[in-house]
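Chemist: Below is the structure I would like to discuss, written out as structure tokens.
Numbering (the numbering used here), first residue to last: 186 to 341.
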């Protein structure tokens, strides 16, 4: 799976390297798509595009996700990862792996869950810029915001 991503983001010797940083957006679906937040998939995608060239854009969901959400996300260019276990663990492992192997220059995590603080901290130690995206003002995590280089709050 990561080989496809690396190939898509890879730089061949006969072309100029991209001028924009490669961005990886990882969305914690169960924590972002809640009734109390009015988060739009297009707003998430646009937030990632403002950060640079989007190379990885993933939405992590649990087995209770509706087919409509999955279909809408795929139609907007998200790679949807459905897990039967803990979404946080899968997202954290994938984000850490891509940050560590140099695939992305900027790591954006959309969540309100402080479980991702170690991922942002690790990415920073390997030279990857980090962005914490909150699903709204009352969905902000101070721990994520303080661990990240930059913080973005989605407004309804």
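Backbone N, C-alpha and C fix where the C-beta goes; we use that ideal spot for every residue, glycine too. These figures come from a predicted structure and were not determined experimentally.
Among the candidates 306, 313, 226, 231, whose CA atom is the shortest distance from the CA of residue 245?
Modeler: It is 226.
Chemist: For residue 205, which option in 235, 323, 316, 258 has the closest C-alpha, if you only look at C-alpha atoms?
Modeler: Among 235, 323, 316, 258, the Cα nearest to that of residue 205 is on 235.
Chemist: Would you kindly work out how many angstroms separate the C-alpha atoms of residue 224 and residue 217, rounded to a whole number?
Modeler: Going by the C-alpha atoms only, they are around 7 Å apart.
Chemist: Within a Cβ cutoff of 6 Å, which residues of the same chain sit near residue 272, ignoring the five residues on either side of it in sequence?
Modeler: 215, 245, 247, listed in sequence order.
Chemist: Would you report the Cα separation of residue 277 and residue 255, rounded to the nearest angstrom?
Modeler: Straight-line Cα distance between these residues: approximately 20 Å.
Chemist: Determine the direct distance from the alpha carbon of residue 207 to that of residue 197, and round the result to whole angstroms.
Modeler: With a pLDDT of only 48 at residue 197, under 50, the local geometry of the prediction cannot be trusted, and the value read off the model is given with reservation. If I take the Cα positions, the gap works out to 15 Å.
Chemist: Residue 306 by DSSP, collapsed to three states: which one?
Modeler: Helix at residue 306.
Chemist: Please name the residue in 334, 259, 221 whose C-alpha comes closest to that of residue 318.
Modeler: Of 334, 259, 221, the residue nearest in Cα terms is 334.
Chemist: Does DSSP put residue 197 in a helix, a strand or coil?
Modeler: Low per-residue confidence applies at residue 197: pLDDT is 48, beneath 50, and the placement is therefore not dependable enough to give any value.
Chemist: Would you decide whether residue 221 is buried or exposed? Buried here means 16 or more other CB atoms lie within 10 Å of its CB.
Modeler: With fewer than 16 other Cβ atoms within 10 Å, it is exposed.
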